[in-house]
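To keep things clear, I will list the structure first and then write my remarks on it.
Number of protein chains: 2
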Amino acid sequence: MKNIIQPVKGTREFYPLEMAVRNWIYENIRNVSESFGYSEYDGPFLEPTDLYAAKSGEELVKEQSFVFPDRGGNLITLRPELTPSLARMVAQKQRQLVYPLRWWSFGPFWRYEKPQKGRAREFFQWNIDLIGSKSPEADAELIAICAEFFKQIGLTPDNVKVLINDRRLMDQKLSELGIEASLKKMTLKIIDRQDKMDRSTWKAYALDNGLKEEQFVGLTKILGNTDLYQESAELQTVFNALESLGVREYVQFDPKIVRGLDYYTGVVFEARDIGKGARAILGGGRYDNLVKDVGGEPLTGVGFAMGDVVLPIILEQYGLIPDLQVNPTQILVTIFDENLMPVSLATAANLRRAGFSVQTYPEPAKIGKQLKFADRCAVQFAIVIGPEEKEQGIVQVKDLRTREQSSVPTDGLIKYINGMLAE
Amino acid sequence: MKNIIQPVKGTREFYPLEMAVRNWIYENIRNVSESFGYSEYDGPFLEPTDLYAAKSGEELVKEQSFVFPDRGGNLITLRPELTPSLARMVAQKQRQLVYPLRWWSFGPFWRYEKPQKGRAREFFQWNIDLIGSKSPEADAELIAICAEFFKQIGLTPDNVKVLINDRRLMDQKLSELGIEASLKKMTLKIIDRQDKMDRSTWKAYALDNGLKEEQFVGLTKILGNTDLYQESAELQTVFNALESLGVREYVQFDPKIVRGLDYYTGVVFEARDIGKGARAILGGGRYDNLVKDVGGEPLTGVGFAMGDVVLPIILEQYGLIPDLQVNPTQILVTIFDENLMPVSLATAANLRRAGFSVQTYPEPAKIGKQLKFADRCAVQFAIVIGPEEKEQGIVQVKDLRTREQSSVPTDGLIKYINGMLAE
Numbered sequence: 001m002k003n004i005i006q007p008v009k010g011t012r013e014f015y016p017l018e019m020a021v022r023n024w025i026y027e028n029i030r031n032v033s034e035s036f037g038y039s040e041y042d043g044p045f046l047e048p049t050d051l052y053a054a055k056s057g058e059e060l061v062k063e064q065s066f067v068f069p070d071r072g073g074n075l076i077t078l079r080p081e082l083t084p085s086l087a088r089m090v091a092q093k094q095r096q097l098v099y100p101l102r103w104w105s106f107g108p109f110w111r112y113e114k115p116q117k118g119r120a121r122e123f124f125q126w127n128i129d130l131i132g133s134k135s136p137e138a139d140a141e142l143i144a145i146c147a148e149f150f151k152q153i154g155l156t157p158d159n160v161k162v163l164i165n166d167r168r169l170m171d172q173k174l175s176e177l178g179i180e181a182s183l184k185k186m187t188l189k190i191i192d193r194q195d196k197m198d199r200s201t202w203k204a205y206a207l208d209n210g211l212k213e214e215q216f217v218g219l220t221k222i223l224g225n226t227d228l229y230q231e232s233a234e235l236q237t238v239f240n241a242l243e244s245l246g247v248r249e250y251v252q253f254d255p256k257i258v259r260g261l262d263y264y265t266g267v268v269f270e271a272r273d274i275g276k277g278a279r280a281i282l283g284g285g286r287y288d289n290l291v292k293d294v295g296g297e298p299l300t301g302v303g304f305a306m307g308d309v310v311l312p313i314i315l316e317q318y319g320l321i322p323d324l325q326v327n328p329t330q331i332l333v334t335i336f337d338e339n340l341m342p343v344s345l346a347t348a349a350n351l352r353r354a355g356f357s358v359q360t361y362p363e364p365a366k367i368g369k370q371l372k373f374a375d376r377c378a379v380q381f382a383i384v385i386g387p388e389e390k391e392q393g394i395v396q397v398k399d400l401r402t403r404e405q406s407s408v409p410t411d412g413l414i415k416y417i418n419g420m421l422a423e
Numbered sequence: 424m425k426n427i428i429q430p431v432k433g434t435r436e437f438y439p440l441e442m443a444v445r446n447w448i449y450e451n452i453r454n455v456s457e458s459f460g461y462s463e464y465d466g467p468f469l470e471p472t473d474l475y476a477a478k479s480g481e482e483l484v485k486e487q488s489f490v491f492p493d494r495g496g497n498l499i500t501l502r503p504e505l506t507p508s509l510a511r512m513v514a515q516k517q518r519q520l521v522y523p524l525r526w527w528s529f530g531p532f533w534r535y536e537k538p539q540k541g542r543a544r545e546f547f548q549w550n551i552d553l554i555g556s557k558s559p560e561a562d563a564e565l566i567a568i569c570a571e572f573f574k575q576i577g578l579t580p581d582n583v584k585v586l587i588n589d590r591r592l593m594d595q596k597l598s599e600l601g602i603e604a605s606l607k608k609m610t611l612k613i614i615d616r617q618d619k620m621d622r623s624t625w626k627a628y629a630l631d632n633g634l635k636e637e638q639f640v641g642l643t644k645i646l647g648n649t650d651l652y653q654e655s656a657e658l659q660t661v662f663n664a665l666e667s668l669g670v671r672e673y674v675q676f677d678p679k680i681v682r683g684l685d686y687y688t689g690v691v692f693e694a695r696d697i698g699k700g701a702r703a704i705l706g707g708g709r710y711d712n713l714v715k716d717v718g719g720e721p722l723t724g725v726g727f728a729m730g731d732v733v734l735p736i737i738l739e740q741y742g743l744i745p746d747l748q749v750n751p752t753q754i755l756v757t758i759f760d761e762n763l764m765p766v767s768l769a770t771a772a773n774l775r776r777a778g779f780s781v782q783t784y785p786e787p788a789k790i791g792k793q794l795k796f797a798d799r800c801a802v803q804f805a806i807v808i809g810p811e812e813k814e815q816g817i818v819q820v821k822d823l824r825t826r827e828q829s830s831v832p833t834d835g836l837i838k839y840i841n842g843m844l845a846e
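Sequence lines, in order, name chains A and B. Going by the working numbering, 194 is the number at position 194 of the first sequence; the sequence numbering is gapless. Convert by adding 423 to the 1-based position in the second sequence; the result is the number in the working numbering.
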């Protein structure tokens with residue numbers, strides 16, 4: 001097996017077990033999203049690079065995206081995120097759509113990152129957004145959706161927290177420190193980088209990028225002040241709504257959360273494992289200008305995105321991934337010999353029409369070999385039809401859990417299997 | 424709305440209605456695939472160009488694929504098909520996997536084709552394959568899966584047919600015409616192009632590419648001979664198996680079917696709308712060398728792929744796309760005013776925990792406006808909680824189908840809604 005063509009670094013192969021995990025996550029996402037009344041949608045996977053250039057932030061577009069020219073020379077990007085596509089789709093049908101608009105999606109994204117544990121270049125992402133309401137209760141709803149998702153898959157407030165902040169509050173505090181408008185975007189970047197550097201490197205980074213010594217000292221005070229949300233009417237309303245929604249215990253104010261995307265304008269949040277990894281599981285926030293920025297009329301939005309790479313690592317750590325069914329097959333119909341192929345095929349077809357998942361062995365082979373195959377597929381029943389069975393109008397049904405075997409009349413087979421399954 | 428950033432030509436936007444259609448197709452695919460005992464899997468979306476270069480055929484790789492260099496200069500392809508990835512995944516775990524192996528998948532693919540009705544540059548595709556059996560009954564099983572899929576979505580044998588042929592049979596007939604081995608691949612291409620050209624263009628194409636006049640005449644006779652399958656033991660076994668499986672009427676021999684991919688080695692098939700469009704819906708066949716060609720031990724396979732672009736066009740033509748639910752919401756909880764926000768949020772949260780899909784209006788607004796929103800979302804129930812209701816511990820439930828309104832005690836609300844839904 002030496003010359004197998006290798007997959008591209010950072011891409012994903014979903015063998016049936018990995019696929020079952022992806023589907024289990026998708027199903028939980030669907031349940032929670034639909035429970036809040038959100039409709040599923042999807043955008044294109046290829047987008048013009050211009051769509052991101054405006055507002056996603058330079059790092060994402062220039063360093064972290066797969067960008068290539070199409071045959072006409074236009075720059076195309078493999079979507080690194082969905083919100084700009086969502087904004088464009090809304091802008092295109094802005095007058096026909098009904099607001100508040102609640103949409104969710106689950107699909108593939110690409111980022112050119114160094115592949116490592118918790119990072120892949122291809123990943124799946126849940127996106128969920130509420131468009132057309134400025135209320136803090138809309139922000140709270142999205143945060144409650146995170147919390148309900150965690151609750152549903154078994155993560156408690158002792159495992160994970162949604163950390164929230166408000167860029168408007170930070171903007172006000174930065175003004176109070178005398179940080180000029182032109183330096184504010186950079187300051188948010190400095191805050192965002194804090195936990196990626198050690199203390200002295202981070203300080204040097206802050207001062208190199210224009211903060212004065214006393215502004216830096218002031219900034220560290222702000223970032224340590226966990227009561228700061230009391231200065232924000234919006235955040236207090238968000239917390240009250242979260243209380244009413246019954247998920248307050250999952251949520252915590254954290255002034256260090258500002259998120260990296262340029263388009264956020266208000267409440268921002270990030271969910272983290274609170275174990276020692278402190279890995280970010282999802283992030284989101286309010287964006288009030290994005291629909292306008294892609295060419296629509298002004299329209300506000302709030303939403304978040306969660307990838308599928310970090311989550312399973314955390315779930316495994318807490319033993320929360322259930323035993324998942326990898327092979328749907330319930331019944332194997334064996335093939336006694338070439339002459340008896342037709343009766344076995346017809347029996348399988350009848351069982352399928354009755355709603356069962358049925359495989360036939362695709363060719364005659366020793367019955368022992370076929371039964372071993374049934375065991376390896378974790379099939380529950382194996383059916384054997386030899387010449388005598390055919391003549392008598394019966395089949396042999398082996399229950400592979402109990403190893404018991406019964407002779408069952410062909411015309412009573414469906415009823416028999418249903419009975420066994422109901423036991 | 425003049426300056427909206429345009430999507431890339433040939434890409435797809437799935438608004439909730441289009442998404443519901445995609446999901447409906449996916450669900451039908453899942454049902455049929457699982458009914459035959461196949462497990463879901465998925466491959467990477469980005470693959471090294473080398474993976475396709477070997478065996479998919481020059482046209483697909485050089486003309487129809489999105490190919491670009493990664494940052495290290497290696498050529499990467501957006502997957503135009505799945506079979507080579509499947510072969511590689513099998514080769515990588517060849518000793519651990521259980522055979523016969525039955526796998527299916529549904530996901531995005533890309534081809535650089537001229538966008539037109541029935542063609543897109545981004546599309547979804549169903550792939551389903553049986554690996555590790557050489558028997559004609561394995562070929563028949565895949566064809567039966569096509570037929571059962573058509574049956575399930577309502578397409579009858581009067582609407583669609585699966586046309587089948589065998590490349591081994593064609594190879595033998597081409598030998599009988601004195602067509603040399605070196606010209607056979609080209610001859611298959613000539614056959615494959617027949618219905619894309621008018622008669623005289625096609626003849627010129629055949630002669631220009633090396634066929635002699637008498638070989639061309641012989642070839643047209645072969646392509647018109649619908650009894651030719653009687654010379655193929657394999658095809659006769661396939662037809663017998665299809666008879667046993669109860670789907671013979673969906674299938675027809677057609678010597679003009681050879682399929683375009685280079686890696687097919689035996690039975691090949693294509694399903695077509697038999698209306699005047701005669702559009703190809705899906706195609707597949709047997710490939711006995713592909714696992715070896717990507718670096719594994721020799722292992723046979725048979726499978727097919729169906730895109731999601733042509734199928735809905737045909738289904739619409741026959742009126743077979745059902746009314747699909749676009750918005751999952753069952754209940755809207757209105758917001759009377761800011762003071763009553765908490766009781767409405769808490770009521771919504773309780774209803775969600777009872778399993779209902781519930782939206783709240785995200786801010787206080789005139790009740791009439793909120794009810795109009797409920798109607799536009801096709802919500803069944805709207806709940807109003809004003810100051811009096813709160814004081815009395817009741818809620819008003821409006822059934823938006825009948826416009827009837829009832830006062831319901833808060834603690835009996837879940838039971839009440841369940842009762843209304845059971846009616």
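Using N, Cα and C, we set each Cβ at its ideal position, and we do this for glycine too. Predicted, not measured: the structure shown is a model, and the values here were computed from it.
Among the options, the one whose alpha carbon lies nearest that of residue i
i, options, result
"Ala-91 (chain A)", "B:Gly-778, B:Tyr-438, B:Ala-769", "B:Tyr-438"
"Asn-31 (chain A)", "B:Arg-799, B:Arg-776, B:Pro-787, B:Asp-798", "B:Arg-776"
"Ala-305 (chain A)", "A:Tyr-361, A:Phe-109, A:Leu-290", "A:Phe-109"
"Cys-146 (chain A)", "A:Ile-191, A:Phe-269, A:Asp-70", "A:Phe-269"
"Glu-436 (chain B)", "A:Pro-80, A:Asn-418, A:Phe-45", "A:Phe-45"
"Arg-259 (chain A)", "A:Met-186, A:Ile-274, A:Val-309, A:Gly-246", "A:Met-186"
"Arg-119 (chain A)", "A:Ser-200, A:Arg-279, A:Leu-371", "A:Arg-279"
Cα-Cα separation, residue i to residue j
i, j, result
"Ile-128 (chain A)", "Thr-770 (chain B)", "22 Å"
"Asp-227 (chain A)", "Ala-510 (chain B)", "58 Å"
"Ser-344 (chain A)", "Ile-385 (chain A)", "7 Å"
"Leu-755 (chain B)", "Cys-800 (chain B)", "9 Å"
"Phe-452 (chain A)", "Thr-723 (chain B)", "Shown here, chain A extends from 1 to 423; a query on residue 452 (chain A) therefore has no answer."
"Arg-445 (chain B)", "Tyr-38 (chain A)", "17 Å"
"Met-1 (chain A)", "Pro-7 (chain A)", "Caution is warranted here: a pLDDT of 46 is assigned to Met-1 (chain A), below 50, making its placement in the model unreliable, and the coordinate value is therefore given only provisionally. Looking at the two C-alpha atoms, the distance is approximately 14 Å."
"Leu-261 (chain A)", "Gly-43 (chain A)", "19 Å"
"Tyr-41 (chain A)", "Thr-783 (chain B)", "20 Å"
"Arg-824 (chain B)", "Pro-751 (chain B)", "16 Å"
"Leu-101 (chain A)", "Ser-780 (chain B)", "15 Å"
"Ile-499 (chain B)", "Leu-763 (chain B)", "57 Å"
"Ala-476 (chain B)", "Gly-730 (chain B)", "22 Å"
"Lys-369 (chain A)", "Trp-447 (chain B)", "38 Å"
Where the alpha helix (DSSP H) containing residue i begins and where it ends
i, result
"Asp-716 (chain B)", "713 to 716"
"Gln-815 (chain B)", "810 to 815"
CB contact below 8 Å: residue i versus chain D
i, result
"Asn-762 (chain B)", "No chain D is present in this structure, whose protein chains are A and B."
For residue i, the first and last residue of its enclosing beta strand (DSSP E)
i, result
"Ile-428 (chain B)", "Element bounds for Ile-428 (chain B): n/a, residue is neither H nor E."
"Pro-362 (chain A)", "Note, Pro-362 (chain A): premise wrong, no beta strand (DSSP E); not H, not E."
"Glu-470 (chain B)", "469 to 471"
"Met-729 (chain B)", "724 to 730"
"Ile-551 (chain B)", "545 to 554"
Could you name the residues of the region 500 to 512 of chain B whose beta carbon sits closer than 7 Å to any beta carbon of chain A, in the order they occur along the chain?
Legend: CB atoms of the region 500 to 512 of chain B lying less than 7 Å from CB atoms of chain A belong to residues Arg-511, Met-512.
At least 3 beta-carbon pairs within less than 8 Å: the region 203 to 214 of chain A vs the region 122 to 140 of chain A
With the cut-off at 8 Å, the region 203 to 214 of chain A and the region 122 to 140 of chain A do not touch.
Please name the residues in the region 89 to 105 of chain A whose beta-carbon is closer than 9 Å to at least one beta-carbon of chain B, in chain order.
Near chain B, meaning a CB-to-CB distance below 9 Å, the residues of the region 89 to 105 of chain A are Met-89, Ala-91, Gln-92, Lys-93, Gln-94, Arg-95, Leu-97, Val-98, Tyr-99, Pro-100, Arg-102, Trp-103, Ser-105.
Where the region 656 to 669 of chain B meets chain A: residues whose CB sits under 8 Å from a CB there:
Residues passing the 8 Å Cβ filter: Asn-663, Ala-664, Glu-666, Ser-667, Leu-668, Gly-669.
Would you check if there are 3 or more beta carbon pairs closer than 8 Å linking the region 725 to 741 of chain B to the region 21 to 30 of chain A?
Taking 8 Å as the limit for Cβ pairs, the verdict is that the region 21 to 30 of chain A does not touch the region 725 to 741 of chain B.
Give a yes or no on contact between the region 567 to 584 of chain B and the region 669 to 683 of chain B, applying the rule of three or more CB pairs nearer than 8 Å.
yes
If contact is defined by three or more beta carbon pairs under 8 Å, each pair taking one atom from either stretch, is the region 596 to 604 of chain B in contact with the region 481 to 492 of chain B?
no
Which of the residues in the region 122 to 143 of chain A, read from start to end, lie with their CB under 7 Å from any CB of chain B?
Taken in chain order, the members of the region 122 to 143 of chain A whose beta-carbon sits within less than 7 Å of a beta-carbon on chain B are Glu-122, Leu-130, Ser-133, Ser-135, Glu-137, Ala-138, Glu-141.
Proximal residues, the region 745 to 777 of chain B versus chain A, C-beta separation under 7 Å:
Val-749, Asn-750, Pro-751, Thr-752, Met-764, Pro-765, Leu-768, Ala-769, Ala-772, Arg-775
When Cβ atoms are compared, which residues of the region 457 to 483 of chain B fall closer than 9 Å to chain A?
Glu-457, Ser-458, Phe-459, Gly-460, Tyr-461, Ser-462, Glu-463, Tyr-464, Asp-465, Gly-466, Pro-467, Phe-468, Leu-469, Glu-470, Pro-471, Asp-473, Leu-474, Ala-477
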